[in-house]
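Residues 5 to 122 (our numbering) are what the sequence shown spells out, left to right.
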Amino acid sequence: MNVWETITGSDLTREWKAFESRAETLPDEYRAAWEQIKGHFSPYSDFTGRNLMPILDGALGLLEETAAEGQSVHEVLGDDIRGFCAALAGGEGARTHRDRWREQVNRNVARKLHQLGG
């Protein structure tokens, strides 16, 4: 990223378009969850939104991976998408939701390792 991109925000625009393109390939329930996630992250944004880009990339990656595995959105995010977003952003109530999300990630990793091992 160069200074001009930082000043104009063109890098963010390009990255945002890439996120939206990736999200278009998700199943309907996952696209709906993505829309909710984007809305719930806005209170955690700095002036430019640059601070959220890595978090949104990770959240979208999680949706892509779990959709490919055939899991439901409910299995991945639970009933509280707002809490999931707060956990990722480090906001209020993060400890409980972060722990639940971490357990989900650990289960997914364990499942993958088990599939690879045998």
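Yeah, the Cβ is synthetic: ideal placement off N, Cα and C, and Gly gets one too.
Handout entry: Span separating the alpha-carbon of residue 52 from that of residue 76
Key = When rounded, the distance between both Cα atoms is 32 Å.
Problem - Coil, strand or helix - residue 32 by DSSP - result: Per DSSP, reduced to three states, the secondary structure at residue 32 is helical.
Practice task
Buried or exposed for residue 67, please, with buried defined as at least 16 other CB atoms from any protein chain shown within 10 angstroms of its CB.
Solution key: Residue 67 comes out buried.
Exercise for the section: Compare the beta carbon distance of residue 93 and residue 34 with 7 Å and say whether it is the shorter of the two. Expected result: No, the pair does not count as a contact, with Cβ atoms beyond the cut-off.
Practice task
Could you check if residue 120 is buried or exposed, using at least 16 other CB atoms within 10 Å of its CB as the buried criterion?
Solution key: Exposed.
Problem - The alpha helix (DSSP H) enclosing residue 70, as first and last residue numbers - result: In the DSSP annotation of this structure, the continuous segment of the alpha helix (DSSP H) that includes residue 70 starts and ends at 57–72.
Handout entry: First and last residue of the uninterrupted alpha helix (DSSP H) at residue 87
Key = 85–93 is the extent of the alpha helix (DSSP H) around residue 87.
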